[in-house]
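In structure tokens form, the structure reads like this:
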């Protein structure tokens, strides 16, 4: 079943406010939530086949780039627990450099606002923003399809951040159909644990044969997250967060976690729940769901300043 839009699933005509678009600002790397996540199979190479909806959130990491004439690529504020050889911003910059033969370099700084290892896509989004921003700043002029293909080599979630639209995803996450979800507000709670995605996908109890669904099925049931039973068993702190959040609605793990979220129709309701969170030992944040990534607005702003039209001409 080929579906181009999801407006009837989570019906709204409201458009969330744009952020990160001013020319003098850094380049935003928004987080994401998996509105559901089904594991429907596994390939012979070990990669899992899935169905999910990626929706962006208004909380973003912010990256800044200082272009250099030398070819060296440097993070000026590296995260101690992330070695340079696995740093996705450095890997993304090198991938673009190698794919285009660009002879310029860059110093990259990152204002990290998204939790590391929380399932909100921070590393993948940082990689995507690096690809998109440097494609503009280095004037390498790859099109979106080429950038998304480069991104896929860095991680299955990177292409959706490159393309910049909420999406129904299948395959390993690379087959994307643009959708429009509601502009709900979310309370996202961040347990003090680091969930290993590798360990979750290697767990023998993980369901790997959930029947594929259609959007009509999703409308009826809302789907689920097949990783939840495994994560909740291995990480009791995450299970406790989900139990606490369930007083406000249907609590859901995003990706493999450990962040857990619940949706609210109004910002005030989400903020009230966040106030209640202060009585616990957990941290969290309130954010709005977005269908269009603020990174696209930043690109448009840069091109207007640079005298380039929206098609890159």
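In the numbering used here, the protein residues as written are 7 to 319. Quick reminder that beta carbons are idealized off the backbone N, C-alpha and C, glycines included. What you are looking at is a predicted structure, and each value in this text was computed from that prediction instead of being measured.
Practice item. Taking only the alpha-carbon atoms, compute the straight-line gap between residue 42 and residue 295 and give it to the nearest angstrom. Key: 14 angstroms
Check your understanding: In three-state DSSP terms, what is residue 141?
Key -> helix
Check your understanding: Is the distance from the Cβ of residue 266 to the Cβ of residue 253 below 8 angstroms?
Key -> no
Point to revise | residue 160 - DSSP class collapsed to helix/strand/coil | key: coil
Check your understanding: So is residue 200 buried or exposed if we call it buried at 16+ other beta carbons inside 10 Å?
Key -> exposed
Practice item. Drop a sphere of 10 angstroms on the beta-carbon of residue 185, count the other beta-carbons inside from all chains shown, and report buried for 16 or more, exposed for fewer. Key: buried
Point to revise | Sequence-distant residues of the same chain with beta carbon closer than 6 angstroms to residue 279, five excluded per side | key: 193 and 254
Review point. Once you ignore the five residues that flank residue 263 on each side, which residues in its own chain have a CB closer than 6 angstroms to its CB?
Key: 125, 201, 237 and 244
Point to revise | Rounded C-alpha distance that separates residue 46 from residue 89 | key: 33 angstroms
Review point. Tell me the DSSP bridge mates of residue 296?
Key: 62
Exercise for review: Give the range of the beta strand (DSSP E) segment to which residue 34 is assigned.
Suggested key: 33 to 48
Review point. Residue 79 bridges to which residues according to DSSP?
Key: 112
**Study point:** For residue 92 and residue 177, the rounded distance between their alpha carbons
**Key:** 24 angstroms
Check your understanding: With residue 100 and residue 79 assumed to form a contact (beta carbons below 8 angstroms), what rounded beta-carbon distance in angstroms separates them?
Key -> 6 angstroms
Check your understanding: What does residue 104 pair with, by DSSP beta-bridge criteria?
Key -> Residue 104 pairs with nothing; no bridge assigned.
Check your understanding: Who are the near neighbours of residue 270 in its chain, counting only those whose CB is closer than 6 angstroms to its CB and skipping five residues on each side?
Key -> 191 and 276
**Study point:** Cβ contact (3+ pairs, closer than 8 angstroms) linking the stretch 32 to 41 and the stretch 131 to 142
**Key:** yes
Review point. Exposed or buried, what is residue 172 when buried is set at 16 or more other beta-carbons lying within 10 Å of its beta-carbon?
Key: buried
**Study point:** Three-state class that DSSP yields for residue 174 in the structure shown
**Key:** strand
Point to revise | Cβ-based neighbour list, residue 48, same chain, cut-off 6 angstroms, excluding 5 preceding and 5 following | key: 54 and 214
Exercise for review: Please classify residue 99: does DSSP put it in a helix, a strand, or coil?
Suggested key: helix
Check your understanding: Taking the alpha carbon of residue 206 as the point to measure from, which residue in 261, 180 and 158 has its own alpha carbon closest?
Key -> 261
Exercise for review: Using beta-carbon positions only, say whether residue 120 and residue 163 come within less than 8 angstroms of one another.
Suggested key: no
Exercise for review: Measure the alpha-carbon distance for residue 268 versus residue 221 and round it to whole angstroms.
Suggested key: 21 angstroms
Point to revise | Selected residue, minimal CA-CA separation from residue 118, among 142, 105, 157 and 65 | key: 65
Exercise for review: Starting from the C-beta of residue 299, find all residues in its chain whose C-beta is less than 6 angstroms away, skip the five residues before and the five after it, and write them out in chain order.
Suggested key: 36, 62 and 170
Review point. So residue 283 and residue 290 are in contact, right, with Cβ under 8 angstroms, and what is the actual spacing, rounded?
Key: 5 angstroms
Review point. Nearest CA to the CA of residue 71: which residue from 128, 110, 281 and 104?
Key: 110
Review point. Can you tell me whether DSSP reads residue 71 as helix, strand or coil?
Key: strand
**Study point:** Best match in 40, 246, 77 and 142 for proximity to residue 198 [C-alpha to C-alpha]
**Key:** 246
Point to revise | Buried or exposed (CB count within 10 angstroms, at least 16 for buried), residue 311 | key: exposed
Review point. Mind checking residue 57: buried by the 16 CB within 10 Å criterion, or exposed?
Key: buried
Review point. With a CB to CB cut of under 7 angstroms and the five nearest residues on each side skipped, what residues in its chain are close to residue 1?
Key: Residue numbering for the chain in the displayed model covers 7 to 319; residue 1 lies beyond these limits and cannot be assessed.
Review point. Where does residue 122 fall in DSSP's three states?
Key: coil
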